[in-house]
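Top to bottom, those sequences are chains R and S. Anchor point for the first sequence: position 119 equals 119 in my numbering, and the numbering is continuous, going up by one each time. Anchor point for the second sequence: position 16 equals 1016 in my numbering, and the numbering is continuous, going up by one each time. The beta carbon of each residue, even a glycine, is placed where N, CA and C say it ideally should be.
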Amino acid sequence: MLKNLCQKMFGRSLWVYHANSGGCNGCDIEVLNALTPYYDAERFGIKLVGSPRHADVMLCQGPATRATARALRAAYEAMPAPKLVFAIGSCACGGGMWFDSYSVLGPVEKVIPVNYYILGCPPRPEAIIYGVAVALGLLPKKAAPIEFKQAEFPIPRYHPEDLRGEGELVIYEKAEKV
Amino acid sequence: MTLPYPPEGHAVPETFRGRPVFDAEKCVGCGGCANNCSARCILVFDVCQELRILQYVGRRCTYCGRCAEVCPEKAITMSQEFETSTDNIGDAQQRLELFMTTCQRCGRCFKDETALEKLKMTGYRFDDLQNQRWIFGARAYQENEPAVKDIAIEMDW
């Protein structure tokens, strides 16, 4: 649904606003690197604007800290209504290495709703372009949760009340499951 | 010249560290990766005696590679995947359910004493309480200033 909404509402150009709420500037440099002519994000219509009132998309870097959370919320509320938020980097996605520090509130989704997550520390410029392309519906999503099991648990229990028959012919009804 | 990235793939350098991949076949469940994770994003939970859950919460992983470095069985490899962007943060996690065996004698899991615990001094010790300092080698210390002055200490060396 979000993909269709993106294609409808953000079909032409995305104007991005670039908000750092206490990161280390690594993700800022990668975002600005993605806007350079070598990667040339403007062929997708992505353009950097200086004010949140002009922007469709907010690119968040850095965790929500105690000092900047209110300013980040104000910048989000200043954006006009169909708006997307991208959390870029492991600080914005999960709070980063100092997620339990006294001055860090946590990921930016504690303050503002986040639509897309771009993981990495910092993510490559290709990863940022890939995330925007996934949001626009140009490319399929590759990430999926992985789960491994070395043994199957729980082992099914033996229920003697399911025994049928008497004498030599005794059938256990759930024998296939055991 | 512009890189034609989204239609074509772009090769990463060989030393690039991407998302860590856990191999459940090799993992012995020692928890060394969880102890060394700088972002505390590998969690270990023992459900019961036989079952240990090792959960990698990928959302704050910084791809530092310390887990792959410390793994004794080389069960963690740093892959070169960087296209991990998603709209659901639960896509980043990996979850391993490990079957743990127990000690045949005591029925519990055990671990060796660490290097710090081996360094602890054992046995009787005679530190200097008045001057508040340790006595490591008694000979050099007593020659210069005897710890107990009013008792004549017989030196047999």
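query	result
Cβ closer than 9 Å: which chain S residues qualify as neighbours of Met-58/R?	Residues of chain S passing the Cβ test: none, with the nearest at roughly 15 Å.
How big is the Cα-Cα spacing for Cys-1041/S and Ala-55/R?	33 Å
Using a Cβ-Cβ cutoff of 7 Å, what residues of the region 1070-1100 of chain S are near chain A? List them in chain order.	Among the protein chains in the structure shown, which are R and S, there is no chain A.
Please identify, using Cβ separations under 7 Å, the residues of the region 137-148 of chain R that lie next to chain S, in order along the chain.	Leu-138, Leu-139, Lys-141, Lys-142, Ala-143, Ala-144, Pro-145, Ile-146, Glu-147 and Phe-148
At which residue ranges does the region 28-79 of chain R contain complete beta strand (DSSP E) runs of 3 or more residues, listed in the order of the chain?	57-61
Compare the Cα-Cα distances from Ala-143/R to each of Arg-70/R, Gln-150/R, Gly-131/R and Leu-136/R and report the closest residue.	Gly-131/R
In the DSSP assignment, find the alpha helix (DSSP H) that holds Val-132/R and state where it starts and stops.	125-136
State the Cα-Cα distance for the pair Ala-71/R and Arg-53/R, rounded to the nearest angstrom.	14 Å
With distances taken Cα to Cα, identify the nearest neighbour of Ala-1039/S among Asp-1046/S, Gly-1058/S, Leu-1096/S and Arg-1019/S.	Gly-1058/S
On a CA-only basis, which of Met-1100/S, Ile-1089/S and Phe-1082/S is nearest Pro-1020/S? Give me that one, please.	Phe-1082/S
May I have the straight-line CA-CA distance separating Cys-1067/S from Leu-169/R, to the nearest angstrom?	57 Å
Closer than 7 Å, CB to CB, is Val-85/R near chain S or not?	no
Quick one: residues in its chain with C-beta nearer than 7 Å to the C-beta of Asn-20/R, no 5 flanking neighbours on either side, listed in chain order?	Asp-28, Gln-61 and Gly-62
Quick one: list the residues of chain R neighbouring Thr-1002/S, beta-carbon separation under 7 Å, in chain order.	Pro-37, Tyr-38 and Asp-40
For the putative contact between Gly-1065/S and Val-1044/S, defined by C-beta atoms under 8 Å, what is the C-beta separation to the nearest angstrom?	Not really, about 19 Å apart at Cβ, beyond 8 Å.
Chain R beta carbons: is any one of them nearer than 7 Å to that of Arg-1060/S?	yes
Based on Cα-Cα distance, which residue from Ile-128/R, Phe-99/R, Asn-115/R and Glu-126/R lies nearest to Cys-1061/S?	Phe-99/R
Just checking, does the region 108-127 of chain R make contact with the region 1084-1098 of chain S on the three C-beta pairs under 8 Å criterion?	yes
Identify whether Asp-1046/S lies in helix, strand or coil by the three-state DSSP scheme.	strand
Since Val-108/R and Ala-74/R should fall inside the 8 Å C-beta cutoff, what is the C-beta to C-beta distance between them, to a whole number of angstroms?	14 Å between Cβ atoms; not a contact.
According to DSSP, is Ala-1068/S part of a helix, a strand, or is it coil?	helix
Check Val-108/R in the structure and name its three-state DSSP category.	helix
Is the CB-CB distance between Glu-42/R and Pro-125/R below 7 Å?	no
Got a sec: is the Cβ-Cβ distance from Ala-1011/S to anything in chain R below 7 Å?	no
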